[in-house]
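Under my numbering, residues 9 to 1015 are what the sequence shown spells out, in order. All C-beta atoms, glycine included, are put in the ideal place defined by N, C-alpha and C. Since this is a predicted model, take the numbers as computed values, not measurements. All remarks here apply to the structure that follows.
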Amino acid sequence: MASFYKNNLFTQLKKQAIIIWLGLLMVMLMGQANAQQRKPRLPGLSRQPQTTRPVIRPADGTGIPRATAPGTAVPGTAVPGTAVPGTAVPGTAVPGTAVPGVSVPRTDTIPADTSGTPSGIAVTTDSTQTDTLAQQSDLQAVVEYAAEDSTIMDVDGKQVHLYGNAQVTYGSIKLQASYIRLNWVTNEVFAKGTYDSTAKKVVGDPVFQDGPETFNAQEMRYNFKSKKGISRGVVTQQGEGNIRGNRVKRDDEGNLFIHGSIYTTCTLTHPHFHINAPKLKVIENKQVVSGPFNLVIADVPLPIGLPFGFFPFPKKKEIGTSGILFPQYGEEPNGRGFYLRDGGYYFAISKYVNAAITGQIYSTGSWGAGVASTYAKRYRYNGNFAFRFNRNRSGDEIDRIMRVPGRNDFSLLWSHAPVPRGTSTFSANVNITSNSFNQFNAIETQRYISNIATSSVQYNRNFGQYARAGASVRVNQNFGQYNQRTGLREGGKTAVSSDFNFGINQIAPFALNGGIGRWYESFRLGMEFTGNYTLSNALAPIDTSSARLGFTIANPIDTSRIRSTEVVIPFEFANLPTMLRDAQFAGRYSLPISLPNFKLMRYINFTPSISLQGEVFTKKYNYTYLGNNQVRIDTVNTIATQYTYGFGAGMNTRFYGTFFVRGRRLEAIRHTVIPSLSFSYTPDFSTNNSFYQQVTINDMGETRMLSRFRGLNGGVGSGSSRAAGVVSYSINNSFEMKLRSRSDTAATQFEKVSLLDNLSIGGSYNMLADSLNLSNVNVNANARIGQNLNLNFNMNFDPYAYVPDTRTGSTFINSPGIKINEFAITRGQGLARLQNLNLAVGTSFSPKKGNNRTQPTPTGVNNINTPPNSPTATEEQLEFIERNPDLYVDFNIPWNVTLNYNFGLSRIGLQDPSLIQTVNVTGDLSLTPKWKLSVQSGFDFVAFKPSITTLTLYRDLHCWDMSFNWTPFAGSQFRVSNYNFTLKAKSSILQDLKLTRRRSFYDRGGY
């Protein structure tokens, strides 16, 4: 019995021990499982047994493993976009894993035992409730990677191997290569190309992109944490050039240290030229600094080098980078000798404004200096400014022996163009030069042959809807005539005037609220006032001939001004008092009135009119008869006005005539006639004592009405105060033909072609004049013949006869004579005397559009307005090309020819006629796709000699630019036979646009 109980107790104790042991074993296994679950994992890697190496090999490049349905996961693998327990998808986070830059706080999933504790208080028994993986990672962004061929994850080595168009992205850094290796322990990435046995070459070289910068290399290593890298065989674009190096190191600030480097602006794989430097440093976004270097052209090292180099990068928002402007060299064999031109310094002040200071020096002692600036502010304004001064000394030996003094020349150019906005605008277009500046210093042909220059600075403002005001300063220059003996222009005229205006826009007083269509509601009224003060070195002539005046002037007379033509004095400070005495203020006002229009007999437009205008003067003349046929003239400084008013009406209509041909293509010819007839009446104001003074002129008691404001010779203002009843007429004609379309599929069956755009004749007749009632007859015509030929023609006829001037004191040579109140036909002088005739014919030829073009046409050339799409062109550079299309040469145009013929005849009365007959030709010819010849010439048939002629030869050398400019004939010994040869590297912006720079203010070549 005792034995039975003993065995039973042993059995029970044995069972309990086994249960306790199994319980302890289970607890140990669960604790080990939890510890294993909390163990850190590599970001981006699948959790796999350590004895296996998982491989993902997509079958179709979609990222889905073979024999796996989309959206499912194979144990031990990860499908892009999904998550499997124990795995991690790149760029995502799962419990128990960490993604670079992402913290995942972890809490235990086993609830805490709250038994025996106060309500609301929980006591956790898990010591691992705070996960150490929640700490911030060393990396600052998610590392994403992908590959087309395969991705091998090495858990033991903690590496990922990417094959086939691999790509790694880390923030703004992007790396592409055929093979990439990631190491998550060292935070490094290694990339290189792979050998393609089919193509028998290495493909997929690494391309590293950090923001806007791109680097191509043969092999590359980069650390995401330290931001340092080392590469082999690097090619990178920096500014307008590209840098290539055998071995490159990159520091954490983005600077590059290159060993065995070359720097070039040529984009070819094998560049035409480069700067060879053993060591090079690239400071990020600023500049390239080089040690000793030399120039290599066509693989030939040249003995041209410097101990160090500095190559700044132009910023995208700036027009350029500050630096030295190297001068041009050449020779003026008949002028100022050998020269260095336009060397200086360029200041890139900001993205809104820049400036350049340049100088010139010549072997004969001449010199020059200049400053130029360009400024622009988007949506507000843009402009440029240039000032140049030259001290010129003659290179002629005789002039040196005779000690001929030098000349001081200057030029001021300013252009300001605002963008219209608001209620006010300010604009400027200034071109002020000395008389001889263009002759001896201007490079552009148009400036050299120009004889006039105009300048204006204007400000205008609107006040509300109706009022407006403005002010301006103007300078008009005429450089005078060329003197063959002295070789200079003489008799130059300069007039400086200040103008202002104030006006009220026309309003309809009977329809301020819009009106309801009554006839009188179209009545409109406005006001306009303008003022002008002019200072000129061309003084008005004084004709004191008693034969013409009928009396003798008692005042002291400046005998130098007693002539038939104006007196020109030098425009200088010493003559300012003389010019001020001759200056005069003139103000004019008018009240424009518009009356309702009427229809007469359905087809005739009838327009009545009323005019009121006047003038304001600051000087007034008083005349006093002294006896003995002498009259004294006194000038009174006062403000006075003179006005006139008049009435008028006009009629016009339009009718057609059609001549039907019904030919193969020509269907009909239509003639359009627009006749017009108008009448105006102005009362007689000559009896108004406020405007005119009745003056006794001799002892016989004869009197004359003399103007109180206009003086004896007209002076300021124009027009007559006598009664006038003027009938004006004009007839306008146009001819066009109607042609059948060449194609049956054309949009319209017929097309209109103009034969003669306009042929008009017009004149007037003053019914109240006591003599010379008829005005001159004007004939005008213009037509466009074909597609290219433009014709303009005008003539002016005088119907009255002229007789020689035999009055006492009239000794003028080539005098026009006196017009008499007899028709020319009665004196045997023809139906009418031809006074002016002008004929201008122009045409241009170029290939038809649609020719083969491999590059876009530059802006402004051939009327193409779309800017070229160049990846390296800054916005400022494209705007400059658009504003200055003539400064560039387009090699895509095979040829282009422009011809202009001008004929002019001018004759007043009995004067000898003066003739102008010239022909001008400009054109260019692409000899080959890389050679272009440009010609500009002409011929003067009156002088029977050619005009200024320039020949320019261009050569496009891809990354180089070559040009040769020769002036075989210029009409001046100082410019003839001059030549200039230029060979220089050009920037990539011009290379992309396939353009070659021609000439500009700071890039002079040709003289």
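Would Asp806 be called buried (16 or more neighbouring beta carbons within 10 Å of its own) or exposed? Sequence index remark: in the sequence shown, residue 806 carries index 798 (1-based). Result: buried.
What's the C-alpha gap between Tyr597 and Ser738? Along the sequence shown, one-based indexing puts residue 597 at 589. Along the sequence shown, one-based indexing puts residue 738 at 730. Each residue's alpha carbon lies about 28 Å from the other.
Ile409, DSSP secondary structure in three states: The residue given as residue 409 occupies position 401 in the sequence shown. DSSP places Ile409 in helix when its eight states are reduced to three.
Rounded to whole angstroms, what's the CA-CA distance from Val761 to Phe743? Just pull it up for me. Your numbering for residue 761 matches position 753 in the sequence shown. Your numbering for residue 743 matches position 735 in the sequence shown. Cα to Cα, the separation comes out at about 9 Å.
If you draw a straight line from the C-alpha of Phe223 to the C-alpha of Gln336, how long is it? Locating residue 223 in the sequence shown gives position 215, counting from the first residue. Locating residue 336 in the sequence shown gives position 328, counting from the first residue. Using only the alpha carbons, I get a separation of about 36 Å.
Please say whether Arg189 and Gln167 have beta carbons closer to each other than 8 Å? Along the sequence shown, one-based indexing puts residue 167 at 159. Along the sequence shown, one-based indexing puts residue 189 at 181. Taking a C-beta distance under 8 Å as the contact criterion, Gln167 and Arg189 qualify as a contact pair.
Comparing alpha-carbon positions, which option in Pro220, Ser205, Tyr203, Tyr153 lies nearest Ser180? One-based indexing of the sequence shown puts residue 180 at position 172. Taking only the C-alpha atoms, the option nearest Ser180 is Pro220.
For the candidate residues Pro855, Thr958, Gly665, whose alpha-carbon lies nearest to that of Asn928? In the sequence shown, residue 928 corresponds to position 920, counting from 1. Asn928 has its Cα closest to that of Thr958, out of Pro855, Thr958, Gly665.
Inter-residue spacing [alpha-carbon to alpha-carbon] between Ser402 and Ala450: In the sequence shown, counting from the first residue as 1, residue 402 sits at position 394. In the sequence shown, counting from the first residue as 1, residue 450 sits at position 442. Cα to Cα, Ser402 sits roughly 16 Å from Ala450.
Same chain, Cβ closer than 8 Å to Phe471, neighbours up to 5 away in sequence not counted: For the purposes of this step, residue 471 is identified with residue 463 of the sequence shown, where counting begins at 1. Answer for Phe471: Thr431, Ala477, listed in chain order.
Pull up the CB-CB distance for Val304 and His282, whole angstroms please, since I reckon it's below 8 Å. Your numbering for residue 304 matches position 296 in the sequence shown. Your numbering for residue 282 matches position 274 in the sequence shown. Confirmed, about 5 Å.
Note down the Cα distance separating Val575 from Pro564, rounded to an integer number of angstroms. Taking the sequence shown and counting its residues from 1, the one referred to as residue 575 is at position 567. Taking the sequence shown and counting its residues from 1, the one referred to as residue 564 is at position 556. Distance between the alpha carbons of Val575 and Pro564: 18 Å.
Measuring only between beta-carbons, confirm whether Ala356 sits less than 8 Å from chain B. Among the chains in the structure shown there is no chain B, since it carries only a single protein chain.
Looking at the secondary structure, which residues open and close the alpha helix (DSSP H) in which Leu620 lies? Along the sequence shown, one-based indexing puts residue 620 at 612. Where Leu620 is concerned, there is no enclosing alpha helix (DSSP H), although the beta strand (DSSP E) it sits in stretches over 612-635.
How big is the Cα-Cα spacing for Asp162 and Phe301? Along the sequence shown, one-based indexing puts residue 162 at 154. Along the sequence shown, one-based indexing puts residue 301 at 293. Here the C-alpha atom of Asp162 lies approximately 47 Å from the C-alpha atom of Phe301.
Spatial neighbours of Asn846 within its chain, please: C-beta separation below 6 Å, excluding the five flanking residues on both sides. Counting from one through the sequence shown, the residue named residue 846 turns up at place 838. Closer than 6 Å at Cβ, skipping near neighbours: Asn802, Gly912.
Near Thr960, which residues of its chain fall below 6 Å by C-beta distance, leaving aside the five closest residues on each side in sequence? In the sequence shown, residue 960 corresponds to position 952, counting from 1. Excluding positions up to five away in sequence, the list reads Ser942, Asn973.
Whose C-alpha, out of Leu923, Ser854, Gln514, is nearest the C-alpha of Pro902? The count along the sequence shown starts at 1 and reaches residue 902 at position 894. With distances taken between Cα atoms, Pro902 lies closest to Ser854.
Using the beta-carbon count (16 or more within 10 Å), is Pro921 buried or exposed? As a position in the sequence shown, residue 921 is number 913, starting the count at 1. Classification for Pro921: exposed.
Can you look up Leu959 in the DSSP assignment and give me helix, strand or coil? As a working note, residue 959 is residue 951 in the sequence shown. Strand at Leu959.
Along the beta strand (DSSP E) that carries Met659, what are the first and last residues, could you check? Residue 659 sits at position 651 when you count from the first residue of the sequence shown. 638-660 is the span of the beta strand (DSSP E), which, as asked, contains Met659.
Leaving aside the five residues before and after Asn605 along the sequence, list all residues of the same chain whose C-beta is less than 8 Å from its C-beta, in chain order. For this step, residue 605 is matched to residue 597 along the sequence shown. Hits under 8 Å: Ser530, Asn613, Phe614, Thr615.
Can you tell which of Val950, Ala519, Asp964, Phe663 has the C-alpha that lies nearest to the C-alpha of Tyr611? The count along the sequence shown starts at 1 and reaches residue 611 at position 603. For the residues Val950, Ala519, Asp964, Phe663, the minimum Cα distance to Tyr611 belongs to Phe663.
Is Trp711 helix, strand or coil when you go by DSSP? Along the sequence shown, one-based indexing puts residue 711 at 703. Position check: residue 711 holds Thr in this sequence, whereas Trp was assumed. It is a strand residue.
Could you check which residue in Ala789, Asn443, Arg469, Val465 has the C-alpha nearest to that of Ser458? Position 450 of the sequence shown, counted from the first residue, corresponds to residue 458. It is Asn443 whose Cα lies nearest to the Cα of Ser458.
Alpha carbons only, please: which of Glu623, Ala377, Asp778, Ser619 is nearest the one belonging to Phe593? Locating residue 593 in the sequence shown gives position 585, counting from the first residue. Scanning Glu623, Ala377, Asp778, Ser619 for the CA closest to the CA of Phe593 turns up Glu623.
Within the region 178-211, ranges of the beta strand (DSSP E) (whole runs, at least 3 residues): Whole beta strand (DSSP E) segments, 3+ residues: 181-191, 196-200, 202-204, 209-211.
Got a sec? Which residues, its chain only, sit under 7 Å from Gln245 by beta carbon, not counting five neighbours each side? For this step, residue 245 is matched to residue 237 along the sequence shown. Cβ within range, chain order: Thr222.
Drop a sphere of 10 angstroms on the beta-carbon of Thr366, count the other beta-carbons inside from all chains shown, and report buried for 16 or more, exposed for fewer. In the sequence shown, residue 366 corresponds to position 358, counting from 1. When all chains shown are included, Thr366 counts as buried.
Could you spell out the range, first to last residue, of the alpha helix (DSSP H) harbouring Arg589? If you number the sequence shown from 1, residue 589 lands on position 581. 584-590 is the extent of the alpha helix (DSSP H) around Arg589.
By the 10 Å Cβ neighbour count, where 16 or more other Cβ atoms means buried, how is Gln944 classified, buried or exposed? The sequence position of residue 944 within the sequence shown is 936, counting from 1. Result: buried.
Can you tell me whether Ala832 is helix, strand or coil according to DSSP? What you label residue 832 is simply residue 824 of the sequence shown in a count that begins at 1. Of the three classes helix, strand and coil, the one that applies to Ala832 here is helix, per DSSP.
Tell me, to the nearest whole angstrom, how far the beta carbon of Ile270 is from that of Lys257; I am working on the premise that it is less than 8 Å. The count along the sequence shown starts at 1 and reaches residue 270 at position 262. The count along the sequence shown starts at 1 and reaches residue 257 at position 249. Contact between Ile270 and Lys257 does not hold, since the beta-carbon distance rounds to 17 Å and is not under 8 Å.
Determine whether the beta carbon atoms of Gly1016 and Ser619 lie at a separation below 8 Å. Given that the chain is displayed from residue 9 to residue 1015, the structure contains no residue 1016 and the question cannot be resolved.
Go ahead and pull the three-state DSSP assignment for Thr277. Translated into positions along the sequence shown, residue 277 becomes position 269. Looking at Thr277 - three-state DSSP - the assignment turns out to be coil, as it is neither helix nor strand.
Can you have a look at Tyr773 and say buried or exposed, based on whether 16 or more other CB atoms are within 10 angstroms of its CB? To locate residue 773, count along the sequence shown from 1; it is residue 765. Classified as exposed, Tyr773 has fewer than 16 neighbouring CB atoms from the shown chains inside 10 Å of its CB.
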